[in-house]
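Chains as they are written, first to last, in the UniProt record's numbering: chain X, 1 to 125; chain A, 1 to 125. Okay, structure first, notes after.
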């Protein structure tokens, strides 16, 4: 007895013959959002700050630990940390007189996975 | 008979007790180079161009295929493609009257792997 055909939802694009493209083009909105995240990272001081926080125990560092290794003033370091916080790469918590910054690894992972999905050509596509 | 002790090279840091930090801080030179790569990507038009090239058959597209989807002039598209070429994300080949751009996936892979190495905290570190 032949099996019933699978129900077809006419509102969805057919994927019967071909797998979806692994490297689907980015939409304008997606590209604008991704470019904003990349711009937040695309600064040598911010990359070094984030990598120092990542290397600290627990992925957390006090702002007081971050000025000396970079040789920058505390206001400059605070400005860069504000950009990283607003972009979601770190979270900030005030304890006593110091602010502590914790890595938000999901933000880095999502960005790198997103670049991999859209900017790498699938040989099977 | 006791085994001879392993030779100790005093010029190498000891890793006997601890694995190396997965999230080692970036050096100033590394951060400067990585920021340059990220800046080349951190533009909505360039992200869309690269994702369109990645989605094309063979990861290659003619410049003539790239102006219409973005709604930008050919000089503007050519400028963005030049930035991507100089950053190593695509390679350019002239055939007849048109230039063809091919994705250089290793550049994207190296960048995302590098961010993962330095910006993600290892829970075991």
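Using N, Cα and C, we set each Cβ at its ideal position, and we do this for glycine too. Computed from a predicted structure; not experimentally measured.
message: If distances are taken between C-alpha atoms only, which option among A/105, A/118, A/102 comes closest to residue 109 of chain X?
response: A/118
message: Please state the DSSP three-state secondary structure of residue 127 of chain X.
response: The structure shown does not extend to residue 127 of chain X, since chain X spans only 1 to 125, so no value can be given for it.
message: Just to confirm my understanding: we take residue 65 of chain A, look at its own chain, exclude 5 residues before and 5 after, and list those with CB closer than 6 Å. What are they?
response: none
message: Can you give me the C-alpha to C-alpha distance between residue 47 of chain A and residue 70 of chain X, rounded to a whole angstrom?
response: 30 Å
field: residue 96 of chain A, buried or exposed, once every other Cβ within 10 Å from all chains shown has been counted against 16
entry: exposed
- prompt: Per DSSP, what kind of secondary structure is residue 102 of chain A in: helix, strand or coil?
  reply: strand
message: Tell me which residues of the stretch 34–50 of chain A have at least one Cβ-Cβ distance to chain X shorter than 7 Å, keeping chain order.
response: 34, 35, 38, 39, 41, 42, 43, 44, 47, 48, 50
- prompt: residue 76 of chain X: which of X/63, X/87, X/86 sits nearest, CA to CA?
  reply: X/63
- request: Put residue 144 of chain X into one of helix, strand or coil per three-state DSSP.
  value: This structure gives no information on residue 144 of chain X, because the portion of chain X shown stretches from 1 to 125.
- prompt: Are the C-beta of residue 116 of chain X and some C-beta of chain A separated by less than 9 Å?
  reply: yes
query: If you drop the 5 nearest sequence neighbours on each side, which residues of the same chain put their C-beta closer than 6 Å to that of residue 92 of chain A?
result: 85, 99, 101
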